[in-house]
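Accompanying notes for the structure given below.
In our numbering, the protein residues as written are 131 to 790.
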């Protein structure tokens with residue numbers, strides 16, 4: 131019968147052998163955290179290897195994702211469908227065992243981790259979602275939402291500022307079902323960390339409102355005692371500080387940065403085998419070790435018990451059970467299309483002249499009653515982003531609700547929303563000024579990478595926002611977001627386009643959407659109903675002329691400028707087509723026949739957007755022109771700034787004439 135030491139050493143062996151075979155990777159963290167991992171996965175986590183997605187499973191996040199072989203070893207050993215040949219192809223093309231854990235590559239990987247600090251922040255999102263779903267669905271005697279989030283993190287996660295943003299909010303919320311384990315090994319890539327990391331981490335987390343306990347990370351009994359103590363503290367998240375030896379088991383490289391980010395070497399691997407009494411060949415696990423790790427029967431029993439609990443819940447509360455199932459599956463309400471078609475039509479009929487940030491709030495207000503999964507929020511800019519609807523109730527963790535004040539924590543908000551989306555049951559959206567999407571960019575990129583449905587409400591979208599000046603006036607940001615693969619960026623020109631963009635973002639189940647919105651008012655356009663589906667194609671003919679000589683492409687607040695310029699050109703005998711392109715990403719996914727019907731090949735083109743011009747070269751070509759801005763803005767009323775930088779009818783007309 132395998133001993134606990136054997137079970138832990140299986141992790142050490144698999145991790146060092148996979149890294150050695152790949153000649154690339156990070157063996158130190160898995161070898162140092164083996165005892166922590168065994169206690170958590172074998173004795174505390176509620177999970178089922180045969181169904182990695184059952185709703186009430188505990189969530190696990192490896193925030194120090196460079197130690198990915200720890201997670202792959204755990205998944206393989208406990209019985210998930212991750213064959214040994216996948217571990218043996220670690221870091222190779224098309225392996226399920228990528229260099230860092232990638233969501234969707236293998237069952238049991240709850241989130242993509244790698245950029246340090248984001249994993250623990252995702253974990254905060256998981257725990258927040260658990261709390262909110264419990265608030266909304268649990269009934270007396272029927273706790274169908276009742277699970278923990280366990281997170282491992284290292285010194286690098288602690289150093290990254292996003293961990294401060296998310297963990298501070300977790301303390302404010304009192305997330306008692308979040309238990310984090312800090313691998314306190316004192317080593318990062320550059321060596322011993324005392325030269326650059328001397329924080330009082332215990333004091334820091336206590337100041338956030340966390341329960342904190344310190345243990346020997348190689349003492350299984352002490353780790354279990356700390357977990358029991360942490361679970362008893364139900365009104366605070368817990369940090370278990372685990373003092374460990376990085377690369378434990380390596381005679382010559384443990385305790386140093388030599389085992390942090392590089393293979394141990396064949397000679398050292400052989401010495402480790404002797405040191406830990408592991409005589410087995412690489413990628414060979416004895417049957418008794420597999421038996422000691424196997425969680426398949428236990429996991430099936432756990433899920434079966436929950437299924438019985440849910441069946442009793444469904445019998446007592448059938449409507450709530452149906453709604454819970456729908457939301458966890460990420461499905462839209464059955465009457466979604468008819469309801470949203472009506473909302474779009476009513477918005478179009480009003481054709482209000484409002485800022486698109488206000489049009490966005492109107493859309494949120496209309497959609498909120500139809501989408502109980504809506505979970506809104508803002509990074510301390512609710513009154514400017516206009517992200518709150520009258521039906522929303524503010525939630526701080528102390529009281530249930532569906533609107534979150536994230537505080538001035540843009541990056542934390544983005545990473546937390548990823549965790550909420552991954553958990554299931556919610557459609558999270560968060561607002562900030564578009565300029566500060568720079569702070570969010572890495573989290574936004576991760577949402578796109580993981581194909582998560584998250585919506586970003588980015589207001590004050592250009593130099594037109596005015597008096598706050600160039601620090602608050604985005605010039606390059608819209609193009610930057612468009613370059614993120616799998617990110618849909620919408621910059622609507624009026625209230626109808628804004629509402630359609632919101633509907634499209636809610637319907638999208640394979641990635642995030644950014645809504646780039648104006649501070650200033652825009653024209654109120656009434657569209658033909660046939661145009662609604664064309665708006666959803668990302669670009670369409672707004673106004674036309676037979677055998678047009680030139681096409682003006684515009685979006686956002688500049689569409690009305692293009693329309694007015696077209697009118698002046700038409701009066702002078704130039705035949706002009708105006709194309710509204712609220713989403714270049716969506717337009718680029720249309721078939722070539724549709725694209726050519728909008729942007730007729732051979733016709734000269736001019737693009738107009740209060741943003742950096744270079745992006746638009748792909749549409750206008752070298753013989754076209756762009757009315758844009760390639761400098762920083764100025765502080766003045768928005769209209770004056772726009773005029774100063776050439777966003778006038780006169781300049782658009784002049785630019786069009788220059789290409790003809």
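No residue lacks a Cβ here, since even glycine has one placed at the ideal position from N, Cα and C.
Residue i: first and last residue of the uninterrupted beta strand (DSSP E) it sits in
| i | result |
| --- | --- |
| residue 341 | 341 to 346 |
| residue 189 | 189 to 192 |
| residue 312 | 308 to 314 |
| residue 182 | From DSSP, residue 182 is part of no beta strand (DSSP E); its letter is neither H nor E. |
| residue 370 | 368 to 373 |
| residue 393 | Neither: residue 393 is in no beta strand (DSSP E) and is coded neither H nor E. |
| residue 755 | 755 to 757 |
Straight-line gap, residue i to residue j (C-alpha atoms, nearest Å)
| i | j | result |
| --- | --- | --- |
| residue 692 | residue 738 | 7 Å |
| residue 545 | residue 304 | 18 Å |
| residue 373 | residue 447 | 47 Å |
| residue 141 | residue 376 | 14 Å |
| residue 464 | residue 456 | 10 Å |
| residue 131 | residue 417 | 9 Å |
| residue 558 | residue 208 | 32 Å |
| residue 756 | residue 743 | 6 Å |
| residue 721 | residue 670 | 13 Å |
| residue 459 | residue 347 | 38 Å |
| residue 677 | residue 713 | 25 Å |
| residue 550 | residue 430 | 26 Å |
| residue 688 | residue 553 | 39 Å |
| residue 333 | residue 162 | 24 Å |
| residue 397 | residue 409 | 15 Å |
| residue 172 | residue 659 | 59 Å |
| residue 454 | residue 275 | 10 Å |
| residue 335 | residue 324 | 19 Å |
| residue 700 | residue 781 | 15 Å |
| residue 164 | residue 528 | 36 Å |
| residue 798 | residue 419 | With the chain covering only 131 through 790, there is no way to say anything about residue 798. |
| residue 225 | residue 282 | 23 Å |
| residue 735 | residue 727 | 14 Å |
| residue 614 | residue 578 | 7 Å |
| residue 561 | residue 509 | 6 Å |
| residue 733 | residue 645 | 30 Å |
Sheet register partners of residue i (DSSP bridge)
| i | result |
| --- | --- |
| residue 533 | 506 and 524 |
| residue 279 | 189 and 308 |
| residue 490 | For residue 490, which the question treats as bridged, DSSP gives no partner whatsoever. |
| residue 567 | Looking at the DSSP assignment, residue 567 forms no beta bridge with any residue, so it has no partner. |
| residue 709 | 671 and 683 |
| residue 322 | 317 |
| residue 518 | DSSP output for residue 518 lists no bridge partner at all. |
| residue 805 | The structure shown does not extend to residue 805, since the chain is modelled only from 131 through 790, so no value can be given for it. |
Range of the contiguous alpha helix (DSSP H) that encloses residue i
| i | result |
| --- | --- |
| residue 145 | 134 to 152 |
| residue 798 | Since the first residue shown for the chain is 131 and the last is 790, residue 798 is missing from the structure and cannot be characterised. |
| residue 297 | 291 to 303 |
| residue 557 | Premise fails: residue 557 lies in the beta strand (DSSP E), 557 to 563, not in any alpha helix (DSSP H). |
| residue 736 | Careful: residue 736 lies outside any alpha helix (DSSP H), inside the beta strand (DSSP E) at 734 to 738. |
| residue 723 | 722 to 728 |
| residue 414 | It is not in any alpha helix (DSSP H) - residue 414 carries neither H nor E in the DSSP assignment. |
| residue 206 | 198 to 208 |
| residue 335 | 331 to 338 |
| residue 785 | 779 to 789 |
| residue 747 | 747 to 750 |
| residue 360 | 350 to 362 |
| residue 155 | Run containing residue 155: none; DSSP gives neither H nor E here. |
Discussion item. Whether or not the stretch 569 to 589 and the stretch 502 to 522 are in contact is what I'm after, with contact meaning three or more pairs of Cβ atoms, one per stretch, closer than 8 Å; do they touch?
Written reply: yes
Practice prompt. Please confirm if the stretch 596 to 606 is in contact with the stretch 569 to 584, defined as three or more CB-CB distances below 8 Å between the two stretches.
Written response: Short answer: they don't touch.
Worksheet item: Whole alpha helix (DSSP H) runs in the stretch 573 to 623 with 4 or more residues, listed along the chain?
Response: Within the stretch 573 to 623, the complete alpha helix (DSSP H) runs of at least 4 residues are 607 to 612.
Practice prompt. Tell me, please, whether the stretch 206 to 218 touches the stretch 402 to 417 by the rule of three or more beta-carbon pairs shorter than 8 Å.
Written response: With the cut-off at 8 Å, the stretch 206 to 218 and the stretch 402 to 417 touch.
Worksheet item: Taking one C-beta from the stretch 523 to 530 and one from the stretch 470 to 477 each time, how about it: are there three or more such pairs within less than 8 Å?
Response: no
Worksheet item: Would you say the stretch 186 to 195 touches the stretch 442 to 455, given that touching needs at least three Cβ pairs under 8 Å?
Response: no
Worksheet item: Can we say the stretch 228 to 247 touches the stretch 274 to 290, given the rule of at least three CB pairs closer than 8 Å?
Response: yes
Worksheet item: Does the stretch 193 to 211 come within contact of the stretch 135 to 149, defined as at least 3 CB pairs closer than 8 Å?
Response: yes
Worksheet item: Considering only residues of the stretch 428 to 471, which uninterrupted alpha helix (DSSP H) runs meet the minimum length of 4 residues and lie entirely inside it, listed in chain order?
Response: 448 to 458
Worksheet item: Enumerated in chain order, which unbroken segments of the alpha helix (DSSP H) with a length of 4 residues or greater are wholly contained in the stretch 638 to 707?
Response: 661 to 665 and 688 to 701
Worksheet entry | Segments assigned alpha helix (DSSP H), at least 4 residues, entirely inside the stretch 218 to 276 | Runs of the alpha helix (DSSP H) inside the stretch 218 to 276: 248 to 267.
Discussion item. Three Cβ pairs or more, each shorter than 8 Å: is that satisfied between the stretch 378 to 395 and the stretch 349 to 357?
Written reply: no
Item to complete: Kindly confirm or deny that the stretch 645 to 665 and the stretch 611 to 625 touch, where touching means at least three C-beta pairs closer than 8 Å.
Response: yes
Practice prompt. Answer yes if the stretch 625 to 643 comes into contact with the stretch 474 to 493, meaning at least three C-beta pairs across the two stretches below 8 Å, and no otherwise.
Written response: yes
Item to complete: Mind the definition here: the stretch 308 to 324 touches the stretch 227 to 244 only if three or more C-beta pairs lie below 8 Å; say whether that holds.
Response: no
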